[in-house]
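In my numbering, the protein residues as written are 2 to 142. Glycine is no exception: its CB is placed at the ideal position from the N, C-alpha and C atoms. Note that the coordinates shown come from a computational prediction; the quantities given were computed from them, not determined experimentally.
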Amino acid sequence: MEELKCECSAIVTHSLIVCEEKRSKITFENKTKKEINKVQVDGCQITDQNNHKCDYLLVDNELSIEYFIELKGHDINHALRQIEATIPRLSQSAQQQTKYCFIISFRTPMASTEIQIKQREFKRKYNATLIIKSSPYNHLL
Numbered sequence: 002m003e004e005l006k007c008e009c010s011a012i013v014t015h016s017l018i019v020c021e022e023k024r025s026k027i028t029f030e031n032k033t034k035k036e037i038n039k040v041q042v043d044g045c046q047i048t049d050q051n052n053h054k055c056d057y058l059l060v061d062n063e064l065s066i067e068y069f070i071e072l073k074g075h076d077i078n079h080a081l082r083q084i085e086a087t088i089p090r091l092s093q094s095a096q097q098q099t100k101y102c103f104i105i106s107f108r109t110p111m112a113s114t115e116i117q118i119k120q121r122e123f124k125r126k127y128n129a130t131l132i133i134k135s136s137p138y139n140h141l142l
């Protein structure tokens, strides 16, 4: 795992934690206002233009949960590759740490059977729950 860069992360306790890019947006409801480490991955934590990476990472250190977030227009397969490339680089434990992987797009063109196959694969390979939703999307932490 790479060390998280201080300039790319911030501890937030907001009741609403928003991640958005262009037309895609996810809002995490943090009702108890617990400390969440919000990391800007693309363009800050990982700046290499030749490598895939997701947009954001949220870390709940108290519960040892990681949230990998990719905000997309419509290319779900590319979003999957971006998250899969980020997990080994930034996860505390690629197979043991509990993870949620969000792909939020303004269009969800994958068939439900394709999504189910990917969801099983992510659970097996990364101990991750894969969630693919249309924008805007709200999730309770």
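Cα-Cα separation between residue i and residue j, rounded to whole angstroms
i, j, result
"Y117", "F123", "For clarity, residue 117 is Gln in the given sequence; the question names Tyr instead. Straight-line Cα distance between these residues: approximately 10 angstroms."
"D49", "T28", "27 angstroms"
"S135", "E71", "12 angstroms"
"I105", "R125", "22 angstroms"
"E115", "E22", "25 angstroms"
"Q46", "A112", "32 angstroms"
"I37", "I12", "5 angstroms"
"K73", "K26", "9 angstroms"
"K6", "K32", "27 angstroms"
Residue i versus the options, residue with shortest Cα-Cα distance
i, options, result
"V19", "E4, R125 and Q41", "Q41"
"G44", "T14, L64 and E8", "E8"
"K119", "E85, Y57 and P137", "E85"
"Y127", "Y101, A95 and L141", "A95"
"A61", "T14, R24, L81 and E115", "The sequence shown places Asp at residue 61, rather than the Ala named in the question. For the residues T14, R24, L81 and E115, the minimum Cα distance to D61 belongs to T14."
"H75", "F107, F103, Q46 and T87", "F107"
"L91", "I66, K23 and E22", "I66"
"S10", "L17, Y57 and S25", "Y57"
"A129", "H140, N139 and Q98", "Q98"
"I132", "T87, I77, E63 and L17", "I77"
"N52", "A80, N31 and T33", "A80"
Simplified DSSP assignment, three categories, for residue i
i, result
"E36", "coil"
"K134", "strand"
DSSP beta-bridge partners of residue i
i, result
"V42", "Per DSSP, none; premise fails for V42."
"T28", "V19 and N139"
"I116", "Paired residue(s): none; I116 is not in a bridge."
### Query
In chain order, which continuous runs of the beta strand (DSSP E) of length 3 or greater are located wholly inside the stretch 54-114?
57-61, 66-73 and 99-106
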